[in-house]
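Structure record follows, encoded as structure tokens.
Residue numbers (the working numbering): 12 to 486.
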């Protein structure tokens, strides 16, 4: 939909937002979540006028094109049970395609740039199952060759190598210290990101490692705010309620959480005064969020899709799925050191919010990267302790069924591999190949695959979930 130049003006910074702030933050992988979360916290920090974000997309230029056309301001719709609230977010100062390595270098050479944040998803780290940089990945290999041959190579596709290009430029410019603050749903995301970037450095220019260890601070964070994809209805609602055309509004929930640990030698916005928690250890908060929110999201995504539901709110209203979610929370909660009772209540309220249309298929994407950090850790602990393993086995079983039933709709960076592993698991509707199931589990975690007890339970759950889904679809 395009704005009618007479009756519906386009959202603009001058009329609807605030002046552009000087760029002091680079963000890699700007999407809806970033715009509802990190950009919101920066907007609401008391020193927001001093901290602008230079945004770079993750894969394609679409978000850059949309935001550039409206001076990088956009409408945030906060949807609670009682209705919607609207505000204009102005904290993004410029937008660029992720492949514009020249623009990225220019920001890295600016001594005013103090922080690099990122939301590139687990897949964007380009890791192997051991957490190492996947130098066999064709894009990684091509980027490494290109940057090694030419420190000014453009069009780099992978985030770890783009970071190396940025660090090379910053060292050359003597631009000073900088903090890297990943914001992905990955436990220990600071250490995980550091590992793949330093391994990329070792491939391109090992001498850069000494500079990074003196000039780069690797922080860690836990982020939480449910943010669905933008729909045409969101655009129409903004036009109707606010009277301006916004080609890329963002809808989100009232709940938000950001927990940060790390040093910021070149400074940071007063995010804590906007509600962020600054702590010495993010780990307990990470585990609570990854295992309880994201783990139950994955369970709902796979089970709910099999049951025929489209959204989280629809799925959690089903008595069977609600019970399964609570059983998963019982399991995961055993191994979390911060309180979980109130958090569980908040999660149910968030899941039930009818004004947040969070699509199960969106959550289901990249399960091969998500399940190892959302389900596997608690599963391993339960197996070791002799605790109930059914909820963890159920989530993996539902993923296997999902792979076989929805391969045509599947979005996964490892799609061809995981689909080929899953297909042999079901010789027929009622015949499950246990050895094939073991191979799928091994793709997620060798330790779980080595346990016959766990493999047998996944086989049982494939049958149970399949029967329950069939019965629900038939009702």
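Beta carbons: idealized from backbone N, C-alpha and C, even for Gly.
If I measure Cβ to Cβ from residue i and keep anything under 6 Å in the same chain, skipping five residues before and after, which residues do I get?
i           : result
residue 404 : 468, 469 and 472
residue 66  : 38, 41, 103 and 106
residue 308 : 374
residue 72  : 108
residue 261 : 43, 46, 47 and 87
residue 288 : 270
Measure from the alpha carbon of residue i to the alpha carbon of each residue in the options, then state which is nearest.
i           : options               : result
residue 390 : 188, 133, 457 and 275 : 457
residue 59  : 31, 46, 69 and 149    : 31
residue 144 : 188, 449, 208 and 222 : 208
residue 83  : 268, 95, 116 and 34   : 34
residue 220 : 205, 87 and 231       : 205
residue 382 : 397, 478, 411 and 398 : 411
residue 343 : 132, 297, 378 and 370 : 297
residue 56  : 235, 465, 100 and 387 : 100
residue 183 : 130, 129, 117 and 131 : 117
residue 78  : 258, 70, 139 and 237  : 258
residue 191 : 231, 281, 97 and 153  : 231
residue 63  : 128, 397, 96 and 18   : 128
residue 263 : 75, 52, 48 and 173    : 48
residue 285 : 53, 43 and 29         : 53
residue 123 : 68, 70, 186 and 75    : 186
residue 306 : 196, 431, 462 and 413 : 196
residue 355 : 299, 370, 126 and 465 : 299
residue 282 : 270, 87 and 291       : 270
residue 140 : 452, 115, 464 and 267 : 452
From the DSSP secondary-structure annotation, give me the bridge partner or partners of residue i.
i           : result
residue 144 : 138
residue 77  : For residue 77, which the question treats as bridged, DSSP gives no partner whatsoever.
residue 263 : 89
residue 65  : 37 and 105
residue 129 : 39 and 193
residue 370 : 322
residue 21  : 256
The beta strand (DSSP E) that contains residue i, what's its start and end?
i           : result
residue 211 : Counting along the chain, residue 211 falls outside any beta strand (DSSP E), though it belongs to the alpha helix (DSSP H) covering 200–215.
residue 98  : 94–100
residue 191 : 189–193
For residue i, which residues in the same chain have their Cβ closer than 8 Å to its Cβ, ignoring the five residues on either side in sequence?
i           : result
residue 420 : 372
residue 20  : 14, 26, 254, 255 and 256
residue 295 : 347, 348 and 349
residue 213 : 220
residue 16  : Confidence in residue 16 is poor, its pLDDT being 45 and thus under 50, which makes the residue's placement unreliable; the coordinate value appears in the next sentence. Within the same chain, residue 16 has no close Cβ partners at all.
residue 228 : 188, 189, 190, 191, 273, 274, 275 and 276
residue 146 : 152, 155, 210 and 214
Between which two residues does the alpha helix (DSSP H) harbouring residue i extend?
i           : result
residue 159 : 149–160
residue 314 : 306–318
residue 331 : 330–344
residue 26  : 24–27
residue 120 : First-last for residue 120: undefined, no H or E at that position.
residue 381 : 378–385
residue 53  : 49–55
residue 181 : 170–184
residue 361 : 352–363
For residue i, which residues of its own chain have a beta-carbon under 7 Å away from its beta-carbon, when the five flanking residues on both sides are left out?
i           : result
residue 165 : 112 and 113
residue 265 : 89 and 91
residue 408 : 469, 472, 473 and 476
residue 482 : none
residue 332 : 311, 314, 315, 318 and 326
residue 142 : 203 and 206
residue 434 : 415
residue 387 : 455, 456 and 459
residue 45  : 38 and 130
residue 215 : 155, 158, 159 and 175
residue 162 : 179
residue 134 : 377, 380 and 424
Next on the checklist: Quick check for students: name the residue ranges of the beta strand (DSSP E) that lie wholly in the region 403–486, counting only runs of 3 or more.
Outcome noted: Listed in chain order, the complete beta strand (DSSP E) runs (minimum 3 residues) inside the region 403–486 are 437–439.
Checklist entry - Curious, which full-length alpha helix (DSSP H) runs of at least 4 residues does the region 225–304 contain? => result Assignment of alpha helix (DSSP H) within the region 225–304, counting only whole runs of 4 or more residues, yields 243–253 and 294–298 in chain order.
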